[in-house]
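Remarks on the structure that follows.
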Amino acid sequence: MFLSVVIPTYNRKPILEKCLRAMERQTFADYEIVVVDDGSTDGTVEWLQSHAAEFPHVRLFCQNHGGAAGARNYGVEQAKGDTIVFIDSDLVVTDVFLQSHVETLIQGQKELGHDRLFTYGRVINTANFDDPTSEPYKLTDFSAAYFATGNVAIARHWLIEAGLFDTGFKQYGWEDLELGVRLKNLGLKLIKCPEAVGYHWHPAFSLDQIPKLIDVELQRGRMGVVFYRKHPTFDVKMMIQMTWIHRVLWGVLSIGGLLNEKTLTPVMRSLIQQGKPQLAEQVARIFLNWYNVKAVYAAYAQSQK
Numbered sequence: 002m003f004l005s006v007v008i009p010t011y012n013r014k015p016i017l018e019k020c021l022r023a024m025e026r027q028t029f030a031d032y033e034i035v036v037v038d039d040g041s042t043d044g045t046v047e048w049l050q051s052h053a054a055e056f057p058h059v060r061l062f063c064q065n066h067g068g069a070a071g072a073r074n075y076g077v078e079q080a081k082g083d084t085i086v087f088i089d090s091d092l093v094v095t096d097v098f099l100q101s102h103v104e105t106l107i108q109g110q111k112e113l114g115h116d117r118l119f120t121y122g123r124v125i126n127t128a129n130f131d132d133p134t135s136e137p138y139k140l141t142d143f144s145a146a147y148f149a150t151g152n153v154a155i156a157r158h159w160l161i162e163a164g165l166f167d168t169g170f171k172q173y174g175w176e177d178l179e180l181g182v183r184l185k186n187l188g189l190k191l192i193k194c195p196e197a198v199g200y201h202w203h204p205a206f207s208l209d210q211i212p213k214l215i216d217v218e219l220q221r222g223r224m225g226v227v228f229y230r231k232h233p234t235f236d237v238k239m240m241i242q243m244t245w246i247h248r249v250l251w252g253v254l255s256i257g258g259l260l261n262e263k264t265l266t267p268v269m270r271s272l273i274q275q276g277k278p279q280l281a282e283q284v285a286r287i288f289l290n291w292y293n294v295k296a297v298y299a300a301y302a303q304s305q306k
């Protein structure tokens with residue numbers, strides 16, 4: 002089994018360096034790292050080219066800025082491996098990361114008698130840039146996603162048969178879960194691989210992140226409708242929060258939008274000052290989810306015209 006680790010990246014040079022150095026320390030030997038730069042403007046390409054000797058497993062490819070879906074597709078097309086491992090460029094993994102995926106894939110194939118499966122590792126969120134792998138697993142790190150590209154390994158031929166990622170998802174969100182629907186329709190089984198741990202780094206929550214976070218929810222809402230129009234099922238409606246349940250839930254919790262980024266700022270600021278940015282972020286989810294639900298319904302109404 003030869004692995005191709007496909008990593009799309011866009012303007013993430015500091016954390017990408019940690020990501021790649023962790024990938025170079027793997028106990029498993031037969032792999033390459035396919036980095037696809039999606040039009041970065043922070044010197045990522047120049048840095049990789051000037052430090053190529055430090056990353057012997059890396060093969061670098063570049064494209065104009067077009068989004069993660071197209072970058073992953075490009076990486077799969079250029080990959081030499083029979084098995085693809087997807088991670089994000091802000092993920093720092095342990096030394097046994099690839100070995101764990103390989104052992105779980107082999108065991109799964111033996112038990113099932115075929116390779117109609119993929120492995121899904123554990124992702125732990127952290128704001129600790131200096132030592133990301135020291136973060137403990139938290140309840141908020143749990144994910145019920147079927148196919149998410151932050152930490153997954155799958156035979157390359159299944160990606161080709163499914164049709165790769167849909168580049169029609171031009172904005173943030175859902176392109177990996179949409180591909181997951183097509184993989185599920187092909188009968189692929191998800192096998193959890195908790196030993197393959199990746200630490201997903203992002204800056205600690207702060208008030209100045211809120212405008213960008215709101216924009217992400219608006220994009221996610223619009224792309225959710227693209228997802229639903231391709232797969233008009235109740236399961237997808239639940240995923241994208243386009244049900245009366247979500248409308249009532251977040252409408253009530255936000256008091257119809259009265260609890261928003263302005264009215265909740267004193268609470269969030271106080272929590273941050275107390276050294277509780279994660280709790281402040283959970284408070285922000287009240288109005289962020291309401292923005293998302295409203296965006297989904299607005300985009301769906303627009304699509305019906």
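The numbering of the sequence shown is our numbering, which starts it at 2 and goes up by one. Idealized CB from N, CA, C, for every residue including glycine.
Per the C-alpha coordinates, the member of F62, E33 and I34 positioned closest to E47 is F62. In the DSSP assignment, G40 falls outside any alpha helix (DSSP H) and carries neither an H nor an E.
Taken in chain order, the unbroken stretches of alpha helix (DSSP H) that lie wholly in the region 164-240 and span 4 residues or more are 176-186, 211-231 and 235-240. Note on geometry: alpha-carbon atoms of D216 and H58 lie some 36 Å from one another. Apart from the 5 residues on each side of it in sequence, R26 sits with its Cβ closer than 6 Å to the Cβ of D96 in its chain, given in chain order. For A154, there is no enclosing alpha helix (DSSP H); the enclosing beta strand (DSSP E) has its first and last residue at N152 to A156. According to DSSP, R73 shares a beta bridge with no other residue. DSSP places N293 in the uninterrupted alpha helix (DSSP H) bounded by P278 to Q305.
The residues F288, in chain order, have a CB closer than 6 Å to that of N261 in the same chain once the five nearest residues on each side in sequence are set aside. Within the region 248-276, complete alpha helix (DSSP H) segments of at least 4 residues are found at 266-274, given in chain order.
In the same chain as N74, and ignoring 5 residues on each side of it, the C-beta atoms closer than 6 Å to its own belong to L165 and F166, in chain order.
The Cβ neighbour count for A53, taken over all protein chains shown within 10 Å, is under 16; the residue is labelled exposed. Shown here, F87 sits in a strand according to DSSP, grouped into three states.
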